[in-house]
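Residues 1 to 631 (UniProt numbering) are what the sequence shown spells out, left to right.
Each residue gets a CB set at the ideal place from its N, CA and C atoms; glycine is no exception.
As the structure is a computational prediction, the values presented were derived from the model and not from experiment.
Heads up, the thing below is written out as structure tokens.
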Amino acid sequence: MSYHAEYTKSVEQPETFWAEKAADLPWYKQPEQILSKDENGMLRWFADGEMNTAYMALDYHVEQGRGDQTAVIFDSPVTDTKQMFTYTQMRDQVALFAGVLKAQGVSKGDRVVIYMPMIPEALVAMLAVARLGAVHSVVFGGFAPHELAVRIEDAEPKVVVSASCGVEVKKVIEYKPMLDEALRLSAHKPACCIVLQRPQALAALLPEQDIDWQEAMANAEPADCVPVKGTDPLYVLYTSGTTGKPKGVQRDNGGHAVALKYSMKAVYDMNPGEVFWAASDVGWVVGHSYIVYAPLLAGCTTLVYEGKPVRTPDAGAFWRVCAEYKVKALFAAPTAFRAIKKEDPEALLFKSYDTSALKTIFMAGERLDPPTYDWTVEKTGKPVVDHWWQTETGWAICGNLMGIEPKPTKPGSSTLPIPGYNIQILDTEGNELPRGQQGSIAIKLPLPPSCLATVWGDFERFRTGYLAEAPGYYTTGDGGYMDEEGYVFIMGRTDDVINVAGHRLSTGEMEEIVAAHPAVAECAVIGINDPLKGQAPIGLVLLKDGIEVDEATLEKELIAMVRKEIGPIACFNRALVVQRLPKTRSGKILRKLLRNIADGKEYSIPSTIDDPTSLSEIEGIMMEHGMLNKA
């Protein structure tokens, strides 16, 4: 089927289209109610279907006689470890750990928070929770205790699963002290914590709270799959909110499985038995969708990589992995390739590996800038697909359908809407704009399967955050346009969430932390272009009257505060003292103007500005500190 026919059917006959895709999966009871309304009036997919995602991902393949196929490859250059697990081995480990959780009282609908590094046991834990019909919430291992505590309070897990440590390039990060501090901070206390002891740093277990993973597994009885409805939640994944309070994206079991299975062939051109590598982390949505679930639902082999694109040991790490395991599709954020380009600009290391099995490189998570796109295409000779999606959608909104009808690419565009996504460009009044005009990118309802059903425990936040701005549409928070051929160009965020190395982080949350310093009267945190990370935050700080501080000391203190509350992942490394911030007369800080100044872009002074001289003052300070980018 051509792209045009596939896409047209998906938006004009969505129920027929998705019923056909749902038939590709082994339901316990095939759904007949394809699209229906819930108690909030939201359209939901496959409400009467009965299923279990872990069964679809593991047990089914074993039953089909493919139990000896490799399901998971683990490659950890930081610990010098390589392991392979068949579908049968994964099923048995998952069933056993589901028994461990069941023995601690975890049952259908309960939540389990998982705080683990990139190791196979993280996948085992996630799939075991799904096997019981429970709901997992994975928290990235690099997050600070405060961030972990906020998520524990919101999800209210019965059990927390963790590891004693994570391993970085030249250091070991102990997780257990951070977990203990998070539990101390959290008002919600789980029944217990199950801790996997890693030899790089053994944790001191608390007898009244902690259970040793290995000991529990040795004494466990395997647990069976628990049937759930298509609209029962599979997981909650937190994404930064502009208020500083994280939003729990709630994903349904049914729509998630259907969309991801479809995407593996349609978007990525993957077939059963082939090797797919998403070079991400299970703490992020890419890890959920394309390390854990989609490859296994499709009967592929998935790669779990505990390392970096560079310095583990060098900028040839990605190419070594692709060559060694005959990876067919590689998916990573542009920032990874910028790091490789920085250390190996002529791609000499790429030439030393046989990457003939690698057919396509996919990038997402942040804007793919044309220089990075051009360099990757030129040096690898591989097709590069820029596709755009969000934590909220769980899979691509726009892309190039390599398994249906690959299209010519255009620099700066994530190509065409994926089937199921009726994309429209809206003006400020919510009216659809003609091709070529910039506006707010929105998706006409109904959203396709796998998109968030609500914000965990707060439907009103979901409604006001995504649906209220333009009735009948989901507003993505991104701005851009669609050209005459239907290609979509994403121009940037319309809120104050920035993208640092593929990670969406709230500048509002950083501002709250910076403003808590006793010397700070007011501040603004903005994201500026960064050649390696895509965007990087900088703080502009006003001191309280009469306060005298050493600016270098203040900067170090502010960096430490953000690091403590959010973690090093925030990459908050610069803070400048300014005399005033540009504001409207109503008091709104003109952050877009600040970004334009920092990025060397032309800007016009709005009529609503209170003090125009503040702009030139800040420009001078940025110039003095060498922080102005060239346009």
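Are the Cβ atoms of A125 and I114 separated by less than 7 Å?
The answer is yes: Cβ separation under 7 Å.
Whole-angstrom distance between Y60 and C225, CA atom to CA atom
11 Å
Leaving out five residues on either side along the sequence, give the residues of the same chain with a beta carbon under 7 Å from the beta carbon of E32.
Exclusion of the five residues before and after E32 leaves D48 as the residues of its chain whose Cβ lies within less than 7 Å of its Cβ.
Closer than 8 Å is the cut-off here; do at least three beta carbon pairs connect the segment 442-455 with the segment 140-155?
no
With DSSP run on the structure shown, which of helix, strand or coil describes V94?
helix
Got a sec, what are the start and stop residues for the beta strand (DSSP E) D386 sits in?
384-386
Using the rule of at least 16 other Cβ atoms within 10 Å of the residue's Cβ for burial, across every protein chain shown, is R435 buried or exposed?
exposed
Within the chosen definition, does the segment 326-342 reach the segment 366-373 through at least 3 CB pairs nearer than 8 Å?
yes
Does DSSP put M51 in a helix, in a strand, or in coil?
strand
Which residues share a DSSP beta bridge with R184?
Its beta-bridge partners do not exist; DSSP assigns none.
Are the segment 168-176 and the segment 92-102 touching, with three or more C-beta to C-beta distances below 8 Å?
no
For K37, is the classification buried or exposed, using 16 other Cβ atoms within 10 angstroms of its Cβ as the cut-off for buried?
exposed
Where does L43 land, buried or exposed, given buried means 16+ other C-beta within 10 angstroms?
exposed
Specify whether the segment 419-428 and the segment 4-11 touch according to this definition: at least 3 beta carbon pairs, one from each stretch, less than 8 Å apart.
yes
How long is the line joining the alpha carbons of A347 and A339, rounded to whole angstroms?
12 Å
Determine, using beta-carbon pairs with one atom in the segment 313-322 and one in the segment 352-367, whether at least three such pairs fall under 8 Å.
yes
Suppose you measure from the CA of E617 to the CA of M623; what does that come to, to the nearest Å?
10 Å
Just to confirm my understanding: we take L25, look at its own chain, exclude 5 residues before and 5 after, and list those with CB closer than 7 Å. What are they?
M56, A257, V258, K261
Do E565 and I513 come within 7 Å of each other at the CB atom, strictly closer than that value?
Yes, the Cβ-Cβ distance between I513 and E565 is below 7 Å.
Could you work out which residue in D611, Q579, S506, P612 is closest to F572 when comparing CA atoms only?
S506
Buried or exposed for V169, going by 16 or more other Cβ atoms inside 10 Å?
Under a 10 Å Cβ-count criterion, V169 is classified as exposed, with fewer than 16 other Cβ atoms of the shown protein chains found around its own Cβ.
State the Cα-Cα distance for the pair G133 and A298, rounded to the nearest angstrom.
20 Å
W395 to L452, Cα distance in whole Å?
11 Å
I'd like to know whether the C-beta atoms of P135 and P233 end up nearer to each other than 7 Å.
The sequence shown places Val at residue 135, rather than the Pro named in the question. Yes, the pair counts as a contact, with Cβ atoms nearer than the cut-off.
Measure the C-alpha to C-alpha separation of G508 and V525 and round it to an integer number of angstroms.
Their Cα atoms are separated by approximately 7 Å.
Buried or exposed: which applies to D483, given that a residue is buried once 16 or more other Cβ atoms fall within 10 Å of its Cβ?
exposed
Which residues bound the beta strand (DSSP E) around D210?
210-212
Less than 7 Å between the C-beta atoms of V562 and M510, yes or no?
yes
Please go through the segment 226-296 and give each complete alpha helix (DSSP H) segment of 4 or more residues, from N-terminal end onward.
Runs of alpha helix (DSSP H) with 4 or more residues, each lying fully within the segment 226-296, are found at 253-266, listed in chain order.
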